[in-house]
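Just so we're aligned: 341 in this note's numbering is position 292 of the first sequence, and the numbers increase by one with no gaps anywhere.
Working notes, beginning with the structure itself.
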Amino acid sequence: MIFFMKATKLYAPTLRESPAEAELVSHKLMYRAGLIRKAAGGLYSYLPLAWRTMKKIMQIIREEMDAKGGQEVMMPIVQPAEMWKESGRWAVYGDEMMRLKDRHGREFALGPTHEEMITTLVRDEVRSYKQLPLMLYQIQNKYRDEIRPRFGLMRSREFVMKDLYSFDRDIDGMNISYQKMYDAYSRIFERCGLKFRAVEADNGAIGGGHSHEFTVLAPSGESSIAYCEKCDFAASDEKAELKIIHAEPEELRPLEKVLTPDCHTIELVKNFLNVPIEKTIKAVAFMDDDERLIVAFVRGDHDVNEIKVLNAVEGANHLYMAGEKLIADANSCAGFMSPIGLKDSAIVIVDQSVMLMSNAVAGANEVDAHFINVTPRRDFDAEKIIVADIRMVRAGDPCPHCGAPLKMTRGIEVGQVFTLGKKYSEKLHATFLDEDGKVKPFEMGCYGIGVGRTMAAAIEQNNDKDGIIWTRAIAPFEVVVVPVNAKDDKQLAFAEKIYNELKSAGVDVLLDDRKERAGVKFKDCDLIGYPIRITISPKTLESGNVEVKVRRSGEFMNFARADVVKNILELLETL
RNA sequence: CGGGGCGUAGCUCAGCUUGGUUAGAGCGUCUGCCUUGGGAGCAGAAGGUCGCAGGUUCGAAUCCUGUUGCUCCGACCA
């Protein structure tokens, strides 16, 4: 698909200033460059420039999905409540799902995702293992009534998303499909010119096997990831597993209770007792949906990873901060908690590294008192506690694969792949008849890419003070031809010739034929971020050459008239 | 859902504390002139029920109440 156009006809209202509400660079630039306009909170119109880029990203996605055997379908956005009730998610999804009723009072939802839709589609049509594996995908609007839409297209309520669903006869097949998608995703984001990492992710409530998030590295990103420079390990902060920290052996001293007036924080205790923070044990009290008290213990200088706690405590779905009463009921008080003497009603979970500490400081479960010389493996009741890796990774922790110090960075999650297993096929009774004559549910996988978010991430990662810097593959136009004075017929005619030649050569080219001053047009070009600008002026007319400016490097070059098309094509290959 | 901020022209904002002719500026838009290598200049013009509703007052953009929308922080987030 080739785009070409004259700027006088292009609807791209650029602004000198950006709206006050825009915070992220990408959001500001999309607004200023005339890419998007807001209709309401989290709801945006894509103007022609943005939509061209979106279409290019979607095309790249289509090519890579098709290359792996994916087939594109289109499914309803308006989805009947029945299938959501059948899967159990009508209740689970909560306020985030946009719901509506038709004139007969029947309930529907605007699809936040399409597992139910695709699974019910396939269950009625696929009966035999001979029809597997099957990979179907769709690119269309999804709806999530975000509590707090923000950052423009990064977190909106209506967004364009690609979702592919795989159906396999067994886990091996599912893993092959997963690997195919993992590879396809890597290619997609490479082709989009993004710097990204595929990070191990928690697939939480969805259950099942493995999951990777494809995260574009950007300081403004909402997710935090840990990665290793020595090996290829990368994981979201919530997922990153940690090894046990071995403490130096030392002579054990007997447990002792001491007074610590007003020392209700680790900082205060540490200073009052004059011990290093590594010798303290910190308690964090949570409760779950059933109002069970869950107390997590980590080293004083560590933080609790709530996701790991959730995964370690059977039956817990959500964690909330525990109230004082709940803590008091367990025979303790906030600021002075420890597993020693805590009532059995409390679920105690202790970080694996804490168990190796010796002669440490922990609360005494009464106001203004702590224990010293706590040695968990001796003093904690092993029968009543859960020991697990529950701490939050931080920069410098050893890589779980190779031991090198980990680095932390922030990123924008643009895609996620995960295996679903039988979760939906079982609930929705989507089965096939296998070779052995048995009825089995499909092994499924689900693979999403946020298209708008990918565009926003590309801008977030590629911009300078003047505006957007598009990678050629997803630029709305690859080349812009600018006659500095479009009122000069000679310049305009010459520019039009170059424009036509590039057009014929298959280049996405825009002719900026607006009768604006040169400065205005140059500013717009830089703001919108076309990879290459060709300038036509009295100077270039005289010399017979054309001047070319590369947006990313700011480099100027001169091409001989006869070589323009050839040289531009070559130059584009490098952008 | 809790806490803060904001809502005045297409955009960015001033005016509000201390109520008083016809509500302002810059940018943008339109017309004319001029200019054409980095948002230039001159002259003129259009454009606002001051978010909405109610109240106080002789009089409300300004004070009070309610409401709605946006926004930031927190909580939450397949």
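Note that the Cβ used here is the ideal one computed from N, Cα and C, for glycine as well.
Predicted model, so just to flag it, every value in this text is computed and none were measured.
Exercise. Might you give, ordered along the chain, the residues of its own chain that have their beta carbon closer than 8 Å to the beta carbon of M166, omitting 5 neighbours on each side?
Key: Translated into positions along the first sequence, residue 166 becomes position 117. M124, P125, Q128, M132 and G160, listed in sequence order.
Quiz item: Taking contact to mean at least 3 C-beta pairs separated by less than 8 Å, is the region 352 to 368 in contact with the region 383 to 391?
Solution: Counting Cβ pairs under 8 Å, fewer than three are found: no touch.
Quiz item: How would you label R610, buried or exposed, when you count the other beta carbons within 10 angstroms and need 16 or more for buried?
Solution: Locating residue 610 in the first sequence gives position 561, counting from the first residue. By the neighbour-count rule (16 or more Cβ atoms within 10 Å), R610 is not buried but exposed.
Quiz item: How long is the line joining the alpha carbons of V175 and V141, rounded to whole angstroms?
Solution: Position 126 of the first sequence, counted from the start, is the residue given in the question as residue 175. Position 92 of the first sequence, counted from the start, is the residue given in the question as residue 141. Cα to Cα, the separation comes out at about 28 Å.
Quiz item: Is N408 helix, strand or coil when you go by DSSP?
Solution: Here residue 408 refers to the residue found at position 359 of the first sequence. In the structure shown, the three-state DSSP call for N408 is coil.
Quiz item: Taking DSSP as the reference, what is the three-state secondary structure of M54?
Solution: Counting from one through the first sequence, the residue named residue 54 turns up at place 5. Three-state DSSP puts M54 in a strand.
Exercise. Over the uninterrupted beta strand (DSSP E) stretch that includes Q108, give me the two end residues.
Key: In the first sequence, counting from the first residue as 1, residue 108 sits at position 59. Run containing Q108: none in the beta strand (DSSP E); it sits in the alpha helix (DSSP H), P97 to A116.
Quiz item: Between K489 and D483, is the Cβ-Cβ spacing less than 7 Å?
Solution: Locating residue 489 in the first sequence gives position 440, counting from the first residue. Locating residue 483 in the first sequence gives position 434, counting from the first residue. Contact flag set, yes.
Exercise. Please determine if the region 533 to 541 and the region 216 to 234 are in contact, where contact requires at least 3 C-beta pairs separated by less than 8 Å.
Key: With fewer than three CB-CB distances shorter than 8 Å, the region 533 to 541 does not count as touching the region 216 to 234.
Quiz prompt | Cutoff 6 Å; reference L624; Cβ partners in own chain excluding five residues on either side | solution = Here residue 624 is taken as the residue at index 575 of the first sequence, counted from 1. Cβ-Cβ distances below 6 Å link L624 to R521 and P580 in the same chain, with the five nearest sequence neighbours on each side left out; the list follows chain order.
Exercise. Spell out the partners DSSP gives D124 in its beta bridges.
Key: Position 75 of the first sequence, counted from the first residue, corresponds to residue 124. Contrary to the premise, residue 124 reads as Met rather than Asp in this sequence. Within the DSSP bridge table, the entry for M124 names no partner.
Practice problem: Just mark M370 as buried or exposed, buried being the case when its beta carbon has 16 or more other beta carbons within 10 Å. | Solution: The residue you call residue 370 lines up with position 321 of the first sequence. A residue is called buried once 16 or more other Cβ atoms fall within 10 Å of its Cβ, and M370, having fewer, is exposed.
Quiz prompt | Collapsed DSSP secondary structure at Y579 in the structure displayed | solution = The residue labelled residue 579 in the question sits at position 530 within the first sequence. DSSP, reduced to helix, strand and coil, places Y579 outside both helices and strands of the structure shown, so it counts as coil.
Self-check item: Through-space distance from V423 to G445, alpha-carbon basis
Solution: Within the first sequence, the letter at position 396 stands for residue 445. Within the first sequence, the letter at position 374 stands for residue 423. Spanning the two alpha carbons is a distance of roughly 27 Å.
Quiz item: If you drop the 5 nearest sequence neighbours on each side, which residues of the same chain put their C-beta closer than 6 Å to that of R86?
Solution: Walking along the first sequence from the start, residue 86 turns up at place 37. These residues qualify, in order along the chain: S94.
Quiz item: Looking at C-alpha atoms only, which residue of G83, V74, R563 and M184 is the closest neighbour of M493?
Solution: As a first step, residue 493 is located in the first sequence; it is residue number 444 there, counting from the start. Residue M184 is the option with its Cα nearest to M493.
Self-check item: Bounding residues of the alpha helix (DSSP H) (the contiguous stretch that carries R81)
Solution: The sequence position of residue 81 within the first sequence is 32, counting from 1. Counting along the chain, the alpha helix (DSSP H) containing R81 begins and ends at V74 to R81.
Self-check item: beta strand (DSSP E) segment containing E492, residue limits
Solution: As a working note, residue 492 is residue 443 in the first sequence. Per DSSP, E492 belongs to the beta strand (DSSP E) from E492 to G499.
Exercise. Work out the CA separation of M103 and K514 for me, nearest whole Å.
Key: What you label residue 514 is simply residue 465 of the first sequence in a count that begins at 1. What you label residue 103 is simply residue 54 of the first sequence in a count that begins at 1. Distance between the alpha carbons of K514 and M103: 23 Å.
Quiz item: Roughly how far, in whole angstroms, is the beta-carbon of F335 from the beta-carbon of V318, given that I think they are within contact range, below 8 Å?
Solution: On the first sequence, residue 335 is found 286 positions in, with the first residue counted as 1. On the first sequence, residue 318 is found 269 positions in, with the first residue counted as 1. In fact, because the Cβ distance is near 21 Å, the residues do not count as touching under 8 Å.
Exercise. Identify, in the order they occur along the chain, each residue of the same chain with its Cβ nearer than 8 Å to the Cβ of V500, setting aside the five sequence neighbours on each side.
Key: Counting from one through the first sequence, the residue named residue 500 turns up at place 451. M103, I106, M107, I110, I188, F208, V209, M210 and K211.
Exercise. Using three-state DSSP, classify R172 as helix, strand or coil.
Key: The residue you call residue 172 lines up with position 123 of the first sequence. Note: R172 maps to helix in three-state DSSP.
Quiz item: Hey, how far is the Cα of D217 from the Cα of F491?
Solution: The count along the first sequence starts at 1 and reaches residue 217 at position 168. The count along the first sequence starts at 1 and reaches residue 491 at position 442. Spanning the two alpha carbons is a distance of roughly 6 Å.
Self-check item: Residue burial classification, G256 (beta-carbon count within 10 angstroms, cutoff 16)
Solution: In the first sequence, the residue the question calls residue 256 occupies position 207. In this predicted model, G256 has a pLDDT of only 49, less than 50, meaning its place in the structure is not dependable; the value taken from the coordinates is given anyway. The residue in question, G256, is exposed, as its Cβ has fewer than 16 Cβ neighbours within 10 Å.
Quiz item: Does the Cβ-Cβ distance between R502 and N408 come in under 7 Å?
Solution: As a first step, residue 502 is located in the first sequence; it is residue number 453 there, counting from the start. As a first step, residue 408 is located in the first sequence; it is residue number 359 there, counting from the start. Cβ distance not < 7 Å, so R502 and N408 don't count as in contact.
Quiz item: Relative to the C-alpha of I508, which residue among R440, T589, R601 and A479 is closest?
Solution: Translated into the one-based positions of the first sequence, residue 508 becomes position 459. Ranking the options by Cα distance to I508, first place goes to R601.
Quiz item: Can you name, in chain order, every residue of its own chain whose Cβ lies under 7 Å from the Cβ of F608, other than the five neighbours on each side?
Solution: Taking the first sequence and counting its residues from 1, the one referred to as residue 608 is at position 559. Excluding positions up to five away in sequence, the list reads N594, V595, V597 and N616.
Exercise. Starting from A431, follow the alpha helix (DSSP H) in both directions and report where the run begins and ends.
Key: Working through the first sequence from its first residue, we reach residue 431 at position 382. Counting along the chain, A431 sits inside no alpha helix (DSSP H), nor does DSSP assign it H or E at all.
Quiz item: Hey, out of A275, K328, C277 and H313, whose CA is closest to E297's CA?
Solution: For the purposes of this step, residue 297 is taken as residue 248 along the first sequence, with counting starting at 1. Its Cα nearest to that of E297, the residue K328 stands out among A275, K328, C277 and H313.
Self-check item: Short Cβ contact (7 Å threshold) for C495 with Y234
Solution: For the purposes of this step, residue 495 is taken as residue 446 along the first sequence, with counting starting at 1. For the purposes of this step, residue 234 is taken as residue 185 along the first sequence, with counting starting at 1. Not in contact: C495 and Y234 (Cβ atoms no closer than 7 Å).
Quiz item: If you drop the 5 nearest sequence neighbours on each side, which residues of the same chain put their C-beta closer than 7 Å to that of S67?
Solution: Within the first sequence, the letter at position 18 stands for residue 67. Taking C-beta separations shorter than 7 Å and ignoring five residues to either side along the sequence, the partners of S67 in its chain run K77, Y80 and R81, following chain order.
Practice problem: Note the first and the last residue of the continuous alpha helix (DSSP H) segment covering V403. | Solution: One-based indexing of the first sequence puts residue 403 at position 354. Boundaries cannot be given for V403, as no alpha helix (DSSP H) includes it and DSSP labels it neither H nor E.
Quiz item: Do you know offhand how far G578's Cα is from G83's?
Solution: Here residue 578 is taken as the residue at index 529 of the first sequence, counted from 1. Here residue 83 is taken as the residue at index 34 of the first sequence, counted from 1. Approximately 12 Å between the Cα atoms of the pair.
Quiz item: Taking the alpha carbon of K472 as the point to measure from, which residue in E262, G137 and P97 has its own alpha carbon closest?
Solution: Position 423 of the first sequence holds residue 472. Checking every option, the nearest Cα to that of K472 belongs to G137.
Quiz item: Which of helix, strand or coil does DSSP assign to F608?
Solution: Counting from 1 along the first sequence, the entry for residue 608 is found at position 559. The answer is strand: DSSP assigns F608 an E or B state.
Practice problem: Rank A453, V399 and M406 by C-alpha distance to the C-alpha of I434 and give the top, closest one. | Solution: Taking the first residue of the first sequence as 1, we reach residue 434 at position 385. The closest CA to that of I434, considering only A453, V399 and M406, is found on V399.
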